[in-house]
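Peer 1: Residue numbers (my numbering): 405 to 627.
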């Protein structure tokens, strides 16, 4: 097996299976030394994923500029220049993520999130109405927190809802965050419309209208 494949006279392709690729691994995480800065200490080298504040080894950088690195994530076939690796790993559809549900410890590739939600949680398809919850049933020390995964017209959204009670009467704060599950490079131009209905014996005297997807809404008899 060749130690590397020559893409041109000046470029060396490094990918899993190459002898040279197996030698260029971070001593801390075991991943390829493709992520800047790469720093050395006593003949041992670490990558920028583990030591982002370390000083770049200039000799390694001069050599790495002539390498093409394969993506570290399983299934991804991208070949990257030394300067492209960091940006690519942030948006790669094959990167590993942790499940956003706090009670779930599973990790999976980003492109497998839908099957994970279907198998392990509840995936709402189409329009969805959250359960009703009354502020009277809350204590000031414990908030109502819920997470919904909604699959609608081929798009997946995570909706976080947090309802907390303020001291003194039935006053509260409804906080919400909406996340679009997609790589940054695949995002469409989306318009978010959120409607909150509050049914209570008290009057809603003040509301706040926001266009951003992460906001707070105050309600209660004193507002």
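C-beta atoms are modelled at their ideal positions from N, C-alpha and C, and glycine is treated no differently. The model shown is predicted, which means the values in this text are computed figures rather than measured ones.
1. Of all the beta strand (DSSP E) runs that stay within the bounds of the stretch 447-504, which reach a length of 3 or more residues?
2. Can you have a look at residue 522 and say buried or exposed, based on whether 16 or more other CB atoms are within 10 angstroms of its CB?
3. Can we say the stretch 435-447 touches the stretch 457-470, given the rule of at least three CB pairs closer than 8 Å?
4. From residue 583 to residue 416, what does the alpha carbon distance come to, in whole angstroms?
5. For residue 560, write down the residues that DSSP places opposite it in a beta bridge.
6. If you drop the 5 nearest sequence neighbours on each side, which residues of the same chain put their C-beta closer than 7 Å to that of residue 524?
7. If you draw a straight line from the C-alpha of residue 429 to the C-alpha of residue 450, how long is it?
8. Using only alpha-carbon positions, find the residue among 427, 501, 555 and 433 that is nearest to residue 453.
9. DSSP three-state call for residue 525: helix, strand or coil?
10. Where does the unbroken alpha helix (DSSP H) through residue 427 begin, and where does it stop?
11. Any idea what DSSP makes of residue 437, helix, strand or coil?
12. At what residues does the beta strand (DSSP E) containing residue 577 begin and finish?
13. When you compare only the Cα positions, how much space is there between residue 424 and residue 552?
14. Going by DSSP, name the residue or residues bridged to residue 444.
15. Over what stretch of residues does the beta strand (DSSP E) that includes residue 417 continue unbroken?
16. Can you find the residues in the same chain that come closer than 6 Å, C-beta to C-beta, to residue 484, ignoring five residues on each side of it along the sequence?
17. Please report how far the alpha carbon of residue 562 lies from the alpha carbon of residue 500, in whole angstroms.
18. What is the DSSP secondary structure of residue 348, counted as helix, strand or coil?
Peer 2: With the structure as the only source:
1. 448-450, 471-474, 483-485 and 500-502
2. exposed
3. yes
4. If I take the Cα positions, the gap works out to 39 Å.
5. 555
6. 508 and 510
7. Rounded to whole angstroms, residue 429 and residue 450 show a C-alpha spacing of 8 Å.
8. 433
9. coil
10. Counting along the chain, the alpha helix (DSSP H) containing residue 427 begins and ends at 423-427.
11. Residue 437 falls in the coil class under three-state DSSP.
12. 575-584
13. Residue 424 and residue 552 have their C-alpha atoms some 46 Å from each other.
14. 449
15. 416-418
16. 473 and 492
17. Between the alpha carbons of residue 562 and residue 500 lies a distance of about 17 Å.
18. Nothing can be reported for residue 348: it is not among the residues displayed for the chain, which extend from 405 to 627.
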